[in-house]
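These protein sequences, in sequence, are chains G and E.
All letters in the first sequence, in the order written, are residues 663 to 712 by the working numbering.
All letters in the second sequence, in the order written, are residues 15 to 255 by the working numbering.
Heads up, the beta-carbon is just placed ideally off N, CA and C, and yes, glycines get one too.
Working notes, beginning with the structure itself.
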Amino acid sequence: MDWADFFYMGGRGFYVWGSFGAFALGIVAEILLLRLRARRATSVNGENKK
Amino acid sequence: MSLFKYSSPATFYPLAGKMWPWFASIALALALTGLYLAFFVAPTDFQQGEVYRILYIHVPLAIMGMFIYLIMAVYGVMALTFNTRLSSMMMEALAPTGALFTALALWTGSLWGRPTWGAYWVWDARITSTLLLLFLYVGYMALINAIDDKKRADKAGALLVIVSSINVPIIYFSVKWWNTLHQGSSISLTGNSIASPAMRWALLAMTFACWTYAIAMALVRVRAIIAEREHGAAWLKGGGK
Numbered sequence: 663m664d665w666a667d668f669f670y671m672g673g674r675g676f677y678v679w680g681s682f683g684a685f686a687l688g689i690v691a692e693i694l695l696l697r698l699r700a701r702r703a704t705s706v707n708g709e710n711k712k
Numbered sequence: 015m016s017l018f019k020y021s022s023p024a025t026f027y028p029l030a031g032k033m034w035p036w037f038a039s040i041a042l043a044l045a046l047t048g049l050y051l052a053f054f055v056a057p058t059d060f061q062q063g064e065v066y067r068i069l070y071i072h073v074p075l076a077i078m079g080m081f082i083y084l085i086m087a088v089y090g091v092m093a094l095t096f097n098t099r100l101s102s103m104m105m106e107a108l109a110p111t112g113a114l115f116t117a118l119a120l121w122t123g124s125l126w127g128r129p130t131w132g133a134y135w136v137w138d139a140r141i142t143s144t145l146l147l148l149f150l151y152v153g154y155m156a157l158i159n160a161i162d163d164k165k166r167a168d169k170a171g172a173l174l175v176i177v178s179s180i181n182v183p184i185i186y187f188s189v190k191w192w193n194t195l196h197q198g199s200s201i202s203l204t205g206n207s208i209a210s211p212a213m214r215w216a217l218l219a220m221t222f223a224c225w226t227y228a229i230a231m232a233l234v235r236v237r238a239i240i241a242e243r244e245h246g247a248a249w250l251k252g253g254g255k
């Protein structure tokens, strides 16, 4: 299988990649937001020394 | 060792810190395996074509969206009966991931529905009750943030989640109870379906990837919540490790 076919997804690329793209975006956004929250929470307690 | 040893935030905090990288690594390994199987090993569906591959994330997300709400309800019962603060913190830690999964389940379902059913959205029993689940997650988070007194916020949140968790079996059985457009499983985990083994393994790997990811996120988030709520506590100073 070549990559063009892979992205074309039998003509359903929009739906397939729209789904998997949103999935990836959601996961990455959650991880980044949580990292920010964890950093803020621990810096108040002086944990961020290392 | 007492049964309640790990129900204390001070003992759970370092434990959660040690555990989350394991769950995160397992989640990553499972997701890579699952995605590989889903795209490169599993065959094209004979009825739905390539678009059925959306189900490899849609189904795990929907299952975990429901499951996380049930786990929150169990923590809610513990919070109300044993009065453990950590139970309420775990509820709060799980909610955002549950909400994200439910929102993504609706989104991916919608993108699957357009080419398969001809509509992005229909108000059938399963889809409507899943939308309600998303509103319940958001409502719970809004509720606990709106009440300043943390003890009262925890109690109100636990009560809301326990009572409304009745929605989860409604979602699950909706396809049997009512004549919904949303079908039962296209890929069955329990056998007797026409699915190839690769389809089944891909779905299984993605489901456990979402599961372990949710655990990792909840553990990291509960540490943040503990740090936020207990700030100034002596055991947190200088690391708490």
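(request) Give the C-beta separation of E:Thr-122 and E:Gly-79 to the nearest angstrom, bearing in mind that I take them to be a contact with Cβ-Cβ under 8 Å. (result) The residue labelled residue 122 of chain E in the question sits at position 108 within the second sequence. The residue labelled residue 79 of chain E in the question sits at position 65 within the second sequence. E:Thr-122 to E:Gly-79, Cβ: 11 Å. No contact.
(request) Would you check if the region 126 to 136 of chain E and the region 89 to 96 of chain E touch, i.e. whether three or more CB-CB distances between them fall below 8 Å? (result) no
(request) Measure from the C-beta of G:Tyr-677 to each C-beta in chain E and report whether the shortest distance is under 8 Å. (result) Reading the first sequence from its first residue, position 15 is the one you call residue 677 of chain G. By this cut-off, G:Tyr-677 is an interface position.
(request) Flag E:Val-234 as yes if its beta-carbon sits less than 8 Å from any beta-carbon of chain G, otherwise no. (result) On the second sequence, residue 234 of chain E is found 220 positions in, with the first residue counted as 1. Yes, its Cβ sits closer than 8 Å to a Cβ of chain G.
(message) Using a 10 Å radius around the Cβ and a threshold of 16 neighbouring Cβ atoms, would you call E:Phe-8 buried or exposed?
(response) Because residue 8 of chain E is not part of the residues shown, which for chain E are 15 to 255, the question remains open.
(request) Please classify G:Leu-694: is it buried, with 16 or more other beta-carbons within 10 angstroms of its beta-carbon, or exposed? (result) Stepping through the first sequence from its first residue, residue 694 of chain G is reached at position 32. Its Cβ having fewer than 16 others within 10 Å, G:Leu-694 is exposed.
(request) Go ahead and pull the three-state DSSP assignment for E:Gly-59. (result) Walking along the second sequence from the start, residue 59 of chain E turns up at place 45. In the sequence as presented, Gly is not what sits at residue 59 of chain E; that position holds Asp. Note: E:Asp-59 maps to strand in three-state DSSP.
(request) Starting from the Cα of E:Ile-229, find the closest Cα among E:Ser-21, E:Ser-22, E:Ala-41 and E:Pro-23 and give me that residue. (result) Residue 229 of chain E sits at position 215 when you count from the first residue of the second sequence. Taking only the C-alpha atoms, the option nearest E:Ile-229 is E:Ala-41.
(message) DSSP three-state label for E:Trp-135, please.
(response) If you number the second sequence from 1, residue 135 of chain E lands on position 121. In this structure, E:Trp-135 counts as coil in the three-state DSSP scheme.
(message) Within a Cβ cutoff of 7 Å, which residues of the same chain sit near E:Asp-138, ignoring the five residues on either side of it in sequence?
(response) Taking the second sequence and counting its residues from 1, the one referred to as residue 138 of chain E is at position 124. Excluding residues within five positions, the ones whose Cβ falls inside 7 Å are Thr-194, Leu-195 and His-196.
(request) Could you pull the start and end residues of the alpha helix (DSSP H) that E:Asn-181 belongs to? (result) By 1-based counting over the second sequence, the position of residue 181 of chain E is 167. E:Asn-181 -> alpha helix (DSSP H) spans 181 to 191.
(message) Tell me which residue opens and which closes the alpha helix (DSSP H) that E:Phe-26 is part of.
(response) Position 12 of the second sequence holds residue 26 of chain E. Segment 23 to 50, the alpha helix (DSSP H) holding E:Phe-26.
(message) Closest to E:Gly-198 by C-alpha separation, out of E:Ile-77, E:Pro-129 and E:Ala-45, would be which residue?
(response) Here residue 198 of chain E refers to the residue found at position 184 when the second sequence is read from its first residue. Answer by Cα proximity: E:Ile-77.
(request) Report the residues of the region 667 to 700 of chain G with a CB closer than 7 Å to any CB of chain E, ordered along the chain. (result) Met-671, Gly-672, Arg-674, Tyr-677, Val-678, Gly-680, Ser-681, Phe-682, Ala-684, Phe-685, Gly-688, Glu-692, Leu-696, Arg-699 and Ala-700
(message) Considering only their Cβ atoms, is the gap separating E:Ala-216 from E:Ala-45 smaller than 8 Å?
(response) In the second sequence, the residue the question calls residue 45 of chain E occupies position 31. In the second sequence, the residue the question calls residue 216 of chain E occupies position 202. Cβ distance not < 8 Å, so E:Ala-45 and E:Ala-216 don't count as in contact.
(request) Return the chain-ordered list of same chain residues with a C-beta closer than 7 Å to the C-beta of E:Trp-256, the five sequence neighbours on each side being excluded. (result) No answer is possible for residue 256 of chain E: it lies beyond the span of chain E, which begins at 15 and ends at 255.
(message) Just to confirm my understanding: we take E:Ala-119, look at its own chain, exclude 5 residues before and 5 after, and list those with CB closer than 7 Å. What are they?
(response) As a first step, residue 119 of chain E must be located in the second sequence, where it is residue number 105. Excluding sequence neighbours, E:Ala-119 sits near His-72, Leu-75, Ala-76, Gly-79 and Thr-144.
(request) Report back the beta-carbon spacing between E:Met-231 and G:Leu-696 to the nearest angstrom; my notes put them in contact at under 8 Å. (result) Here residue 231 of chain E is taken as the residue at index 217 of the second sequence, counted from 1. Here residue 696 of chain G is taken as the residue at index 34 of the first sequence, counted from 1. Between G:Leu-696 and E:Met-231 the Cβ distance is about 6 Å, and since that is below 8 Å, they are a contact.
(request) In angstroms with no decimal places, state the Cα-to-Cα distance between E:Ile-240 and E:Leu-147. (result) Within the second sequence, numbered from 1, the residue matching residue 240 of chain E stands at position 226. Within the second sequence, numbered from 1, the residue matching residue 147 of chain E stands at position 133. Cα to Cα, E:Ile-240 sits roughly 26 Å from E:Leu-147.
(message) If contacts are defined as beta-carbon pairs under 8 Å, then E:Ile-141 and G:Tyr-677 qualify, I think. What distance do you get, rounded to the angstrom?
(response) Numbered from 1 along the second sequence, position 127 holds the residue referred to as residue 141 of chain E. Numbered from 1 along the first sequence, position 15 holds the residue referred to as residue 677 of chain G. No, E:Ile-141 and G:Tyr-677 are not in contact; Cβ-Cβ is about 17 Å, not under 8 Å.
(message) So, with DSSP's three-state summary, where would you put E:Ile-85?
(response) By one-based count along the second sequence, residue 85 of chain E stands at place 71. E:Ile-85: helix per DSSP, three-state reduction.
(message) Check for me: the alpha helix (DSSP H) holding G:Gly-673 runs from which residue to which?
(response) For this step, residue 673 of chain G is matched to residue 11 along the first sequence. Looking at the DSSP string, G:Gly-673 is not in any alpha helix (DSSP H), and its letter there is neither H nor E.
(message) Can you pull the chain G neighbours of E:Val-65, defined as C-beta to C-beta under 8 Å?
(response) For the purposes of this step, residue 65 of chain E is identified with residue 51 of the second sequence, where counting begins at 1. Result: Met-671, Gly-672, Arg-674, Tyr-677 and Val-678.
(request) Establish whether the CB of E:Ala-238 and some CB of chain G are separated by less than 8 Å. (result) Locating residue 238 of chain E in the second sequence gives position 224, counting from the first residue. Yes, because at least one Cβ of chain G sits closer than 8 Å to the Cβ of E:Ala-238.
(request) State the start and end residues of the unbroken alpha helix (DSSP H) segment that holds E:Trp-225. (result) Counting from one through the second sequence, the residue named residue 225 of chain E turns up at place 211. From DSSP, the alpha helix (DSSP H) with E:Trp-225 extends over 211 to 243.
(request) Check whether the Cβ of E:Tyr-166 lies closer than 8 Å to any Cβ atom in chain G. (result) Against the second sequence, residue 166 of chain E aligns to sequence position 152. Note on residue identity: the sequence assigns Arg, not Tyr, to residue 166 of chain E. It does not; no Cβ of chain G falls within 8 Å.
(message) Against chain G, with Cβ distances strictly below 8 Å, would E:Glu-242 count as a contact?
(response) In the second sequence, counting from the first residue as 1, residue 242 of chain E sits at position 228. Interface residue, yes.
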